[in-house]
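Read the sequence shown against the UniProt record's numbering and you will find it ends at 364, with the numbers running on by one and no gaps.
Take a look at the structure set out below.
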Amino acid sequence: GGGPGGWCAPGGATAAAVPRVERLLQRGYYRLGLFVGRRPVTVVAAGCCLAGLACLGLLRLRVETDPQRLWVGPGSQAAREKAAYEASFGPFYRIEQMILATQPPTTTTTTSATTTSTAAAGGQGQQGSPSSSLPPPQQPHQPPIVTPDNVRLLFDMQRLVDELEAPLQPPPSSGPLSGRSSVRLADICYKPFGDVCATQSVLQYWRGSREAFEAAMARPAGSPGRMDPEYCFNHWYTECRSAYQAPVDPHVVLGGFPGGREFSTYSAGATSFVTTLPVSSDPSLRPAALAWEAAFLQLAADKLAPAAASANLTLSYSAERSVQDELTRESRADAATVAASYGIMLVYIAAALGSLPPLWGRKG
């Protein structure tokens with residue numbers, strides 16, 4: 001109820017206007033319903049025509065699936081630099097990557113042992129809190145990755161990657177791989193100098209040869225001809241060049257080492273091997289590159305990651321197509337959710353606003 005000046009107050013201007021508005025709406029909807037009821041075909045046809053006209057814009061709709069175009073504006077600095085690079089050197093190569101890293105040791109066992117030994121020594125801590133006088137446990141340092149066994153494991157992984165063959169369905173009818181039924185990394189890799197892949201890896205300090213590594217490790221420490229990793233990390237000499245005759249930057253093939261005063265040597269500070277496999281972006285090789293990348297991701301999941309885990313290491317890996325695959329997977333996963341939500345909403349509206357016929361008629 002409203003007091004003086006309220007909308008339902010008798011004699012108020014608003015109270016007089018409300019019935020008039022209601023009458024206008026009633027008459028308008030009555031005439032509209034009468035028109036629709038008498039001409040259903042005309043109304044449905046007109047509605048379909050209007051919907052069709054509204055959907056004409058879909059003919060020019062283009063769904064953007066390129067991650068670079070989704071996240072980098074066409075006028076941004078990164079886009080301009082990429083365009084300048086590709087104008088001078090061709091399309092920027094595709095990137096496949098593996099990161100083999102050590103795991104930090106856990107502190108649970110050490111802390112428990114310290115607490116137990118303190119209590120056994122006479123409980124010199126405070127009453128009711130045996131470990132309250134102990135200093136907080138220090139965060140353990142992640143062990144270094146540069147060890148002969150880890151390098152050998154990386155050689156084994158690289159061998160599997162080099163020997164990996166991916167089927168080509170259907171075989172290409174033109175281009176460098178015309179008539180081929182399978183593709184390997186050597187067929188699609190980026191080769192700036194000669195016929196050797198420009199793989200960025202710590203293995204390049206031995207030119208990617210396990211025999212050269214084992215021969216160097218067989219020599220006594222400090223003897224001539226022994227290629228210690230730290231020597232090449234700090235000296236870009238000719239004997240430390242890669243198989244494709246380019247120097248190898250330790251900041252590219254190693255990771256996880258501390259900066260500033262905490263850094264001592266690359267061998268003692270690095271906690272991960274970073275292997276980068278550049279693949280050619282030649283349009284004629286794109287189907288082959290996509291096929292090989294799919295096989296590479298499967299190999300990493302099935303064999304490489306378990307091999308790393310058995311050595312108490314972790315392996316992270318990615319391919320150029322990884323982002324695109326994830327976008328596709330997310331899109332397909334969301335489609336079912338959206339369709340189900342709209343279906344439930346339509347059923348709810350139909351049940352809430354519609355009228356359902358009785359199942360049984362009334363008995364007289």
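Where is the CB? At the ideal position from N, CA and C, for every residue including glycine.
query, result
"Starting from Pro278, trace the beta strand (DSSP E) both ways and give me its first and last residue.", "Ser272 to Val279"
"Can you list the beta strand (DSSP E) stretches of 3 or more residues lying completely in the region 29-111, in chain order?", "94-102"
"According to DSSP, simplified to helix, strand and coil, what is Pro144?", "coil"
"I need the boundaries of the beta strand (DSSP E) containing Tyr317, first residue and last residue.", "Leu313 to Ser318"
"In this structure, how does DSSP classify Ser284 when only helix, strand and coil are distinguished?", "helix"
"Could you round the C-beta distance between Val146 and Leu168 to whole angstroms and report it? I think they count as a contact, below 8 Å.", "About 38 Å; that fails the 8 Å criterion."
"Looking only at its chain, what residues have a beta carbon closer than 7 Å to the beta carbon of Ile349, apart from the 5 residues adjacent to it on each side?", "none"
"Contact between the region 276-284 and the region 75-95: three or more CB pairs below 8 Å?", "yes"
"Quick one: using the 10 Å Cβ neighbour count with 16 as the cut-off for buried, is Glu320 buried or exposed?", "buried"
"I want to check one thing, is the minimum distance from the CB of Phe257 to the heavy atoms of the ligand COA below 7 Å?", "The model depicted lacks the ligand COA and carries no ligand whatsoever."
"Exposed or buried, what is Cys48 when buried is set at 16 or more other beta-carbons lying within 10 Å of its beta-carbon?", "exposed"
"Given Pro148, which residues of its chain have a CB within under 7 Å of its CB, disregarding the five upstream and five downstream residues?", "Met217"
"Going straight from the alpha carbon of Thr271 to that of Ala101, what length do you get?", "6 Å"
"In whole angstroms, what separates the C-alpha of Leu164 from that of Gly269?", "32 Å"
"Name the DSSP bridge partner or partners of Arg184?", "Glu165"
"Whole angstroms is fine: what's the gap from Leu297's alpha carbon to Val43's?", "55 Å"
"With DSSP run on the structure shown, which of helix, strand or coil describes Leu254?", "strand"
"Taking C-alpha atoms, which residue in Tyr342, Gly33, Tyr205 and Ser173 lies nearest to Leu254?", "Tyr205"
"DSSP beta-bridge partners for Gln200?", "Thr276"
"Among the residues of its own chain, which have a CB less than 6 Å from the CB of Val72, if the five just before and after it don't count?", "Ala78 and Ala79"
"Does the structure place the region 298-316 close enough to the region 324-339 that three or more beta carbon pairs sit under 8 Å?", "no"
"Roughly how many angstroms lie between the CA atoms of Ala215 and Ser209, to the nearest whole one?", "10 Å"
"Mind checking whether Leu154 and Phe233 have CB atoms under 8 Å apart?", "no"
"Beta-carbon separation of Leu177 and Ala288 under 8 Å?", "yes"
"Rounded to whole angstroms, what is the Cα-Cα separation between Leu50 and Leu56?", "10 Å"
"Leaving out the 5 sequence neighbours to the left and right, which residues in its chain are closer than 6 Å to Gln142 when beta-carbon positions are compared?", "Thr102, Pro104 and Thr271"
"Under DSSP, the alpha helix (DSSP H) around Phe233 begins and ends at which residues?", "Pro229 to Asn234"
"Who are Cys189's beta bridge partners in DSSP?", "Val279"
"What is the rounded straight-line gap between the Cα of Ser322 and the Cα of Gly37?", "56 Å"
"Tell me the residue span of the alpha helix (DSSP H) that contains Glu330.", "Ser322 to Leu353"
"Between residue 396 and Tyr244, which are expected to be in contact by the criterion C-beta below 8 Å, what is the C-beta distance as a whole number of angstroms?", "For residue 396 there is no data in the structure shown, the boundaries of the chain being 1 and 364."
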